[in-house]
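Going down the list, the protein sequences come from chains A and B.
For the first sequence, our numbering gives the first residue as 1, with consecutive numbering after it.
For the second sequence, our numbering gives the first residue as 1001, with consecutive numbering after it.
Report on one structure; see the data block that follows.
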Amino acid sequence: MRQYLHLQFTMFNRRLRDFGLNPVVGYLMLNVLFVGFVKALYYRAEGYAAWVLIGACLMAQLPLCNKERSDFLQTTFGKGRKNKIRIVENLIISLPFAVALLLNQCFIQIAIIVILSIVSSLATFNGNTGIAIPTPFSKRPFEFSTGFRYTFYLIALVYVITVISVSVNNLNLGIATIVAVYIIAASYYSKPEDVYYVWIFAKTPCTFLRLKVLEALKNVSFMALPPIALLTVFYYTEIHLIIIAAFVGTIFLITMVLAKYSSYPDNMGLSVVIMLILALLFPPSVLVAVPYFYYRSINKLKQFFDD
Amino acid sequence: MIRIKNLSKQFGKKVVLNNLSIEFERGKIYGIIGENGAGKTTLFRCIAGLESFDGEIVSEINPLKDHLGYLTAEPFFFPMITGEEYIRLLCNARDKKLTEIGSNNIFDLPLNQYVTTYSTGMRKKLALLAVLLQGNDIFILDEPFNGIDLNGSIILTEILHRLKELGKTVIISSHIFSTLSDTCDEIHVLRHGTITQKVAREEFYLLEKEMKNSAVIGNIERLEL
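Here's what the structure looks like:
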């Protein structure tokens, strides 16, 4: 088991290096981000922060419950050792969450997180079912059709929060849900696809990018329509705020699409991610980011198209 | 027609294709054979424009890649994509409008299911079907018979004959000699990064005999069974 865990550690370090980070710096950044997340959570929503931490911990553990992975561990190590490995993995992931709960004196929640970590380590999740989740984007695959299937529960949750925002008369919360829809859509463009899926297009780099951006805008409009429409009906006098939120989301989505292809066929590097974060936190920065990503994308895509 | 002249490709110090020259004419089916690692896939990727190379690849149809149906040896599929969505994606990419796919589903694939639930052969059939529905003029099929059942192989052989009748150019690689001898007009032997033999249909049996001899004689004895 030690060798297996050491291998996982080595592989995670490789991921950090591929991302352009020295592992030590990577761990430092992850710690800072986690502390920032916990602080913000307790500052904004102290009443249910502990429960959000439990939920976040379970979300972080979910990918490890994958059936194929579980089957691999079982055939390689046998059932007993597989269970031990899975329990240790889940407990390692739960450690920072448990520490955060400990510092906030939430002892019952620590017990819950430990019990849930052990129980979920024995569960397997088979995402490979024969039933395909229907999506409104099937006619124009693939980003939104596959992305929607991964995030439909998040989208549903966002819609529910929009309704709650109206019922508690909190426009800010409602506007946050609009931005959330655009961020979810942007996440569909976070990873580069296999080169075959770019190569197949009978386009120039410019027309390819235009197509990708237009598809993204068309599909995201459909996805963002329910919260926008609901908030417009109930907060018509504040429509300018709703429009600004949708506009910022749209610009961010365009930036994300271009950012993806600016690094293509590689993953986005650290500098690109920083520019994206900046685009979200300080929207005027897209005036630099969009043209920069666009020209880089054109250059990166030239190798796959006859311009 | 596709004319390849002095094509060379190396990865680091490893020379994969070495001054390779070959021509593919319209309305013919070509087989490319060679040992594992001989450079068949690299040759196909160069023709498709997926690899940079030294030399010249000229086609009468331009741009070649926009009229080329490329079936890779191991097609990549997104998780959570259905068979129908995969076909639509490939056809949309070539601006080929599809209204209803059901009637085109000659392999009876469960198109409304995720591709990840498909068997190896079903995935190959799906990728092949999508490439065929794109309406290409030239086809590169890397190991198209791999994993496909007997029924599928018979259908595929018929499809290849039909493509030939329609004046399409088809280039196939396969490790199953009979699939090539049933379909090809010419077989080219790729060895050490270059074409060492060009064999016409009437001499396929000689090639098969020669290959059997060179593969078997002396080799099995080395196992000391």
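The beta carbon of each residue, even a glycine, is placed where N, CA and C say it ideally should be.
Model, not experiment: these values are computed from the prediction.
Leucine 1068(B) by DSSP, collapsed to three states: which one? strand
I'd like to confirm the pairing. Which residues does DSSP put opposite asparagine 1104(B) in its beta bridges? Note: asparagine 1104(B) sits in no beta bridge, so no partner.
Less than 9 Å between CB atoms is the rule here; does aspartate 266(A) satisfy it with respect to chain B? no
Among Phe72(A), Ala100(A) and Phe12(A), nearest to isoleucine 54(A) - alpha-carbon criterion: Ala100(A)
Does phenylalanine 1053(B) have its Cβ less than 9 Å from a Cβ in chain A? no
Partner residues on chain A for asparagine 1104(B), Cβ-Cβ distance less than 9 Å: Per Cβ cutoff of 9 Å: no residues; asparagine 1104(B) is ~16 Å from chain A at best.
Please check if any C-beta of chain B sits within less than 9 Å of the C-beta of serine 145(A). yes
Quick one: list the residues of chain A neighbouring glutamate 1085(B), beta-carbon separation under 7 Å, in chain order. Ser138, Pro141, Phe142 and Ser145
Beta carbon proximity, aspartate 194(A) to chain B, threshold 9 Å: yes
Euclidean distance between Cα positions of tyrosine 1114(B) and serine 145(A): 12 Å
For glycine 1167(B), which residues from the same chain have a beta carbon less than 6 Å from its beta carbon, with the 5 sequence-adjacent residues on both sides left out? Arg1026 and Gly1027
Nearest by alpha-carbon distance to isoleucine 274(A): which of Ile298(A), Ser285(A) and Tyr264(A) is it? Ser285(A)
Per DSSP, cross-strand counterpart(s) of aspartate 1142(B): Ser1173(B)
Methionine 1(A), buried or exposed, once every other Cβ within 10 Å from all chains shown has been counted against 16: exposed
Check the Cβ of alanine 132(A) against every Cβ in chain B and list those closer than 7 Å, keeping chain order. Thr1082, Asn1112, Gln1113 and Tyr1114
Name, in chain order, the residues that DSSP records as bridge partners for valine 1189(B). Ile1033(B) and Gln1197(B)
Under the three-state reduction of DSSP, which class applies to glycine 1049(B): helix, strand or coil? coil
Tyrosine 197(A) at chain B interface by Cβ criterion, 9 Å: yes
Relative to the C-alpha of lysine 1009(B), which residue among Met1001(B), Asn1019(B), Ile1002(B) and Arg1003(B) is closest? Asn1019(B)
Residues of its chain near arginine 140(A), where Cβ-Cβ distance is below 7 Å and the 5 sequence neighbours each way are ignored: Glu215
Looking at the strands, I want to know which residues DSSP matches up with leucine 1017(B). Lys1009(B)
Per-residue DSSP class, three states only, for serine 190(A): coil
For glutamate 143(A), is the classification buried or exposed, using 16 other Cβ atoms within 10 angstroms of its Cβ as the cut-off for buried? buried
Let's see if you can read the secondary structure: which residues bound the alpha helix (DSSP H) around glycine 1147(B)? That residue, glycine 1147(B), is in no alpha helix (DSSP H); it is neither H nor E in DSSP.
Tell me whether valine 198(A) is buried or exposed, calling it buried when 16 or more other Cβ atoms sit within 10 Å of its Cβ. buried
For serine 120(A), which residues from the same chain have a beta carbon less than 7 Å from its beta carbon, with the 5 sequence-adjacent residues on both sides left out? Leu58, Gln61, Cys65 and Asn90
Taking the CB atoms as reference points, tell me whether methionine 223(A) and alanine 279(A) lie closer together than 9 Å. no
Assess contact between the stretch 1042-1051 of chain B and the stretch 1090-1104 of chain B, defined as three or more Cβ pairs (one per stretch) separated by less than 8 Å. Is contact present? no
On the CB-based measure, 16 or more other CB atoms within 10 Å of its CB, does isoleucine 131(A) come out buried or exposed? exposed
Starting from glutamate 1056(B), trace the beta strand (DSSP E) both ways and give me its first and last residue. 1054-1059
Pick from Asn1036(B), Lys1013(B) and Glu1023(B) that is closest to arginine 1003(B), judged by C-alpha positions: Glu1023(B)
Along chain B, in chain order, which residues have C-beta atoms closer than 7 Å to that of arginine 149(A)? Met1080
Neighbouring residues, chain A, relative to phenylalanine 1076(B) (Cβ below 7 Å): Asp194 and Tyr196
Top-ranked residue by Cα proximity to lysine 1124(B), from Ile1138(B), Ala1200(B), Asp1142(B) and Leu1223(B): Asp1142(B)
Against isoleucine 87(A), what residues of chain B qualify as contacts under a CB-to-CB distance less than 9 Å, listed in chain order? Neighbours of isoleucine 87(A) on chain B: none; closest Cβ ~27 Å, over 9 Å.
Round the Cβ separation of threonine 1183(B) and leucine 1160(B) to the nearest angstrom and send it over; I've been treating them as touching at under 8 Å. 5 Å
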